[in-house]
Amino acid sequence: MSIILLRFIVRPVIQSLRASSVRLPPLEPLCMSQTLTFDVLIIGSGAAGLTLGLSLPEHLRVAIVSKDSMDAGSTRWAQGGVAAVLDEEDSVEAHVADTLTAGAGLCNEAAVRFTVGNSTEAIRWLIDLGVPFTKDGEDQFHLTREGGHSARRIIHAADATGHAISDTLLQKAEARENLTLLHDYIAVDLITGDKLGLEHHACIGGYFLNKKTGEVDAVTAKATALATGGASKVYLYTSNPDGASGDGIAMAWRAGCRVANMEFNQFHPTCLYHPQAGSFLITEAVRGEGGKLLLPDGRRFMDKFDERAELAPRDIVARAIDHEMKRLGADCLFLDISHKPAEFIREHFPTIYERCLQLGIDITKDPIPVVPAAHYTCGGVVTDNAGRTDIDRLYAIGETACTGLHGANRLASNSLLECLVYARAAAADIEAQIAQVPSPEPVPHWDSSQVTDSDEDVVISHNWDELRRFMWDYVGIVRTTKRLVRAKHRVKLLRQEIQEFYSNHKVTNDLLELRNLVDVADVIIRSALMRKESRGLHYSRDYPQALPRAFDTVLMSKYISELGSL
Numbered sequence: 021m022s023i024i025l026l027r028f029i030v031r032p033v034i035q036s037l038r039a040s041s042v043r044l045p046p047l048e049p050l051c052m053s054q055t056l057t058f059d060v061l062i063i064g065s066g067a068a069g070l071t072l073g074l075s076l077p078e079h080l081r082v083a084i085v086s087k088d089s090m091d092a093g094s095t096r097w098a099q100g101g102v103a104a105v106l107d108e109e110d111s112v113e114a115h116v117a118d119t120l121t122a123g124a125g126l127c128n129e130a131a132v133r134f135t136v137g138n139s140t141e142a143i144r145w146l147i148d149l150g151v152p153f154t155k156d157g158e159d160q161f162h163l164t165r166e167g168g169h170s171a172r173r174i175i176h177a178a179d180a181t182g183h184a185i186s187d188t189l190l191q192k193a194e195a196r197e198n199l200t201l202l203h204d205y206i207a208v209d210l211i212t213g214d215k216l217g218l219e220h221h222a223c224i225g226g227y228f229l230n231k232k233t234g235e236v237d238a239v240t241a242k243a244t245a246l247a248t249g250g251a252s253k254v255y256l257y258t259s260n261p262d263g264a265s266g267d268g269i270a271m272a273w274r275a276g277c278r279v280a281n282m283e284f285n286q287f288h289p290t291c292l293y294h295p296q297a298g299s300f301l302i303t304e305a306v307r308g309e310g311g312k313l314l315l316p317d318g319r320r321f322m323d324k325f326d327e328r329a330e331l332a333p334r335d336i337v338a339r340a341i342d343h344e345m346k347r348l349g350a351d352c353l354f355l356d357i358s359h360k361p362a363e364f365i366r367e368h369f370p371t372i373y374e375r376c377l378q379l380g381i382d383i384t385k386d387p388i389p390v391v392p393a394a395h396y397t398c399g400g401v402v403t404d405n406a407g408r409t410d411i412d413r414l415y416a417i418g419e420t421a422c423t424g425l426h427g428a429n430r431l432a433s434n435s436l437l438e439c440l441v442y443a444r445a446a447a448a449d450i451e452a453q454i455a456q457v458p459s460p461e462p463v464p465h466w467d468s469s470q471v472t473d474s475d476e477d478v479v480i481s482h483n484w485d486e487l488r489r490f491m492w493d494y495v496g497i498v499r500t501t502k503r504l505v506r507a508k509h510r511v512k513l514l515r516q517e518i519q520e521f522y523s524n525h526k527v528t529n530d531l532l533e534l535r536n537l538v539d540v541a542d543v544i545i546r547s548a549l550m551r552k553e554s555r556g557l558h559y560s561r562d563y564p565q566a567l568p569r570a571f572d573t574v575l576m577s578k579y580i581s582e583l584g585s586l
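For the sequence shown, our numbering gives the first residue as 21, with consecutive numbering after it.
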């Protein structure tokens, strides 16, 4: 089919969709834009994306796209490690039981068993690649314990596990001739068949803002995978890097995928509190190795909230800290590991030790000031155990996906494990299916001739700040219906302002991230309002008890009905 004929077919559909909130590419091509074609398109270059790329057969041409540098995602920030069954005294059943308990009755047990059952193989794969995990002697790897775990099963590389995994995977990816690594490409939206007026609803790629040229390029593929991480940047305080803006979740939602359990946002209990600290996390392993949480007067308090004290799951610890800070009017509380030998602290937590020392805190002598911060998105795009979404040829893996593993609260160090297991499963499914998939159809070039450069970027910065502040105040660790309704009203107005801005001005990095964040904020609020109970990470003062039976919160995208009615 020629491009000209394709434009003729899609013109009535595009004109119909112009009235909706779906922005589609204009019809006239620009010579500066380009279309790149691959067998597989992977959006995201963290542990999930790189693992998928490296697990695919080498005869496939694969693009791995990052909106910043190739190592800019959340994986690199992970400190604690990866949970897996690696010790003779541990078992799959024990790891499964701990995950189900932490998930507060909402985990999909089949997904949990699938993940844990493949954990040992996934770690062996990393070891074979050369990830430098910390050893306890010559032959044994050192395993630590974190909150919610009944055994030592966290394999780690000191306190910089994510750094070690990211570096190793990226080095291997750079050496693979079939992998094309595209950095500074931020996704605008997915391209699906129905958006182009075709008979199928399959994903055939996406549009990307090339930050180096300022143009929007098309990237098409037989299979597309979203591995863009979570959406914790929707909150004012977060342990995540700046890029955690929910891009994959928002794009999949706009394309017609279901999203589930978006009300379950994990707040890490212990983010370093210091004006110069940025988003620096104090790993859960500090508590796992004996760290004590203290009030400003030096008294412990966690035993009042849970018999496991500092080793309780993250949702309990975060709420306890939040409660005590509000009760006392304190800016922060403290985490103390100084009772351990100084050599032990420097050996096990070198990154934390050095960073705190730079800020004038010697953790071998002094407690660490900490506050909770948004850390992990437990919900996401609904997938099966092969990473498949509701849209044919579209996969979602890692934090972008809702596999059912985490339920209402993620167990510590299960996140990197999920990235590895589901990326490898998706690779196997893509390999099995791709030979029967036709080459992607030609797509229209992106046209910016009808929009202008913005001279009011203050609108973006103001809306960005307002969104993150009311999400923190109204949709945070402790919620009420009144707060959620206020947030719902605010997000509706913001979405209208942002959509108007998006429709009339050239896309930029900040605008695209803001557009994705407001869509994610909308589904978080809607999900939270639907849950009439307190469970796991969702705690409501109006509904403080859990219902007798747990149900997933599943939202059906409005775009499915809009597109289906054309």
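Glycine included, each C-beta is placed from N, C-alpha and C at the ideal position.
So what does residue i bridge to, in DSSP terms?
{"i": "threonine 258", "result": "Ala394"}
{"i": "serine 560", "result": "Arg499"}
{"i": "asparagine 230", "result": "Tyr205"}
{"i": "lysine 312", "result": "Asp356"}
{"i": "glycine 225", "result": "Ile211 and Thr240"}
{"i": "glycine 93", "result": "BP columns for glycine 93 are empty, so no partner."}
{"i": "isoleucine 62", "result": "Ile84 and Ala245"}
{"i": "valine 659", "result": "An answer regarding residue 659 cannot be provided, because it is not within the stretch 21 to 586 covered by the chain."}
{"i": "proline 389", "result": "Phe354"}
{"i": "threonine 371", "result": "Partner(s): none; threonine 371 has no beta bridge."}
{"i": "threonine 57", "result": "Thr240"}
Between the C-alpha atoms of residue i and residue j, what's the straight-line distance to the nearest angstrom?
{"i": "alanine 541", "j": "aspartate 156", "result": "44 Å"}
{"i": "tyrosine 293", "j": "histidine 79", "result": "48 Å"}
{"i": "aspartate 107", "j": "glycine 308", "result": "17 Å"}
{"i": "leucine 534", "j": "arginine 546", "result": "18 Å"}
{"i": "alanine 177", "j": "glutamine 516", "result": "46 Å"}
{"i": "glycine 234", "j": "serine 468", "result": "11 Å"}
{"i": "serine 358", "j": "aspartate 386", "result": "6 Å"}
{"i": "leucine 72", "j": "valine 116", "result": "24 Å"}
{"i": "arginine 196", "j": "glutamine 54", "result": "24 Å"}
{"i": "threonine 244", "j": "arginine 413", "result": "6 Å"}
{"i": "serine 94", "j": "isoleucine 185", "result": "12 Å"}
{"i": "glutamate 451", "j": "leucine 76", "result": "7 Å"}
{"i": "serine 523", "j": "leucine 56", "result": "25 Å"}
{"i": "proline 316", "j": "phenylalanine 354", "result": "7 Å"}
{"i": "leucine 149", "j": "histidine 288", "result": "30 Å"}
Quick check on the DSSP output: the alpha helix (DSSP H) that includes residue i runs from which residue to which?
{"i": "valine 239", "result": "Note, valine 239: premise wrong, no alpha helix (DSSP H); beta strand (DSSP E) at 236–246."}
{"i": "glycine 69", "result": "67–75"}
{"i": "phenylalanine 364", "result": "362–368"}
{"i": "valine 543", "result": "529–550"}
{"i": "valine 132", "result": "129–137"}
{"i": "alanine 122", "result": "112–122"}
{"i": "tryptophan 273", "result": "267–275"}
{"i": "valine 463", "result": "No alpha helix (DSSP H) contains valine 463, which DSSP labels as neither H nor E."}
{"i": "lysine 526", "result": "Element bounds for lysine 526: n/a, residue is neither H nor E."}
{"i": "methionine 576", "result": "Taken as a continuous stretch (DSSP letters only), methionine 576 belongs to no alpha helix (DSSP H), as it is neither H nor E."}
{"i": "lysine 253", "result": "It is not in any alpha helix (DSSP H) - lysine 253 carries neither H nor E in the DSSP assignment."}
Can you tell me which of the three DSSP states residue i falls into?
{"i": "phenylalanine 161", "result": "strand"}
{"i": "aspartate 485", "result": "helix"}
{"i": "isoleucine 302", "result": "coil"}
{"i": "arginine 172", "result": "coil"}
{"i": "valine 151", "result": "coil"}
{"i": "leucine 106", "result": "coil"}
{"i": "alanine 280", "result": "strand"}
{"i": "leucine 80", "result": "coil"}
{"i": "arginine 555", "result": "strand"}
{"i": "threonine 384", "result": "coil"}
{"i": "valine 471", "result": "coil"}
{"i": "arginine 320", "result": "strand"}
{"i": "arginine 307", "result": "helix"}
{"i": "threonine 200", "result": "strand"}
{"i": "arginine 408", "result": "strand"}
{"i": "glutamate 141", "result": "helix"}
Can you tell me where the beta strand (DSSP E) holding residue i begins and where it ends?
{"i": "proline 289", "result": "285–292"}
{"i": "isoleucine 417", "result": "Premise fails: isoleucine 417 is in no beta strand (DSSP E) and is neither H nor E."}
{"i": "glycine 217", "result": "Counting along the chain, glycine 217 falls outside any beta strand (DSSP E), and DSSP gives it neither H nor E."}
{"i": "valine 402", "result": "400–402"}
Our contact map puts residue i next to residue j with C-beta atoms below 8 Å; I'd like the distance itself, whole angstroms only.
{"i": "leucine 1", "j": "isoleucine 63", "result": "With the chain covering only 21 through 586, there is no way to say anything about residue 1."}
{"i": "glycine 263", "j": "aspartate 485", "result": "Not a contact, Cβ separation roughly 18 Å."}
{"i": "alanine 122", "j": "asparagine 405", "result": "So it is not a contact: roughly 20 Å between Cβ atoms."}
{"i": "cysteine 398", "j": "asparagine 281", "result": "6 Å"}
{"i": "asparagine 601", "j": "leucine 440", "result": "Lying before the first or after the last residue shown, residue 601 is absent from the chain, which here runs from 21 to 586."}
{"i": "valine 254", "j": "leucine 537", "result": "5 Å"}
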